Amino acid sequence: MEWTTFHPTKPGTYWVSVNPRGRNPAPWVVLPVAFLIFITTEGKVWEFGKTEPTYDLNSIPESCHHGVKYAPCESPPDPWAQDAA
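So the sequence shown is numbered by the working numbering: it starts at 1153 and just counts up by one.
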């Protein structure tokens, strides 16, 4: 499966990767190359390591639409590596 810019809506585990230009939005915030989210059958989106849902599919934050790629967790974890080559 390939990476896409469309936010997944089906239950499951997905990789999320932010464009390298947007990974360091502030000196105290550094995003990894990719991180995992889990979408429940109820439409809740959990970021792995968090103790409560990050957001609901009914209210996907605007920041999830620009400069972000998604893929099922079976995909390679860095979609931007091919762009840098």
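For each residue, glycine too, the CB sits at the ideal point set by N, CA and C.
Just so you know, these numbers come straight off a predicted model, no measurement behind them.
So L1209 and G1195 are in contact, right, with Cβ under 8 Å, and what is the actual spacing, rounded?
The residue you call residue 1209 lines up with position 57 of the sequence shown. The residue you call residue 1195 lines up with position 43 of the sequence shown. Right, the Cβ-Cβ distance comes to about 4 Å (below 8 Å), so this counts as a contact.
Candidates P1163, V1185, V1168 and K1162: which alpha carbon is nearest T1156's?
Indexing the sequence shown from 1 puts residue 1156 at position 4. The shortest C-alpha separation from T1156 is found at V1168.
DSSP state of G1219, grouped into three classes?
One-based indexing of the sequence shown puts residue 1219 at position 67. Reduced to three states, the DSSP call for G1219 is coil.
So, for G1174: in the same chain, excluding its five sequence neighbours on each side, which residues have a beta-carbon less than 6 Å away from its beta-carbon?
Position 22 of the sequence shown, counted from the first residue, corresponds to residue 1174. Short of 6 Å from the beta carbon of G1174, and not among the five residues preceding or following it, lie these beta carbons of its own chain, in chain order: G1219.
Other residues of its chain near F1158: CB distance less than 8 Å, five sequence neighbours each side excluded:
Here residue 1158 refers to the residue found at position 6 when the sequence shown is read from its first residue. Within the same chain, F1158 has close Cβ partners Y1222.
Going by other Cβ atoms of all chains shown within 10 Å of its Cβ, with 16 needed for buried, is I1191 buried or exposed?
Taking the sequence shown and counting its residues from 1, the one referred to as residue 1191 is at position 39. Burial state of I1191 is buried, judged by a 10 Å Cβ sphere holding 16 or more other Cβ atoms.
Going by the beta-carbon positions, is the gap between E1199 and F1187 smaller than 8 Å?
Position 47 of the sequence shown, counting from 1, holds the residue named residue 1199. Position 35 of the sequence shown, counting from 1, holds the residue named residue 1187. Yes, these two residues count as a Cβ contact at 8 Å.
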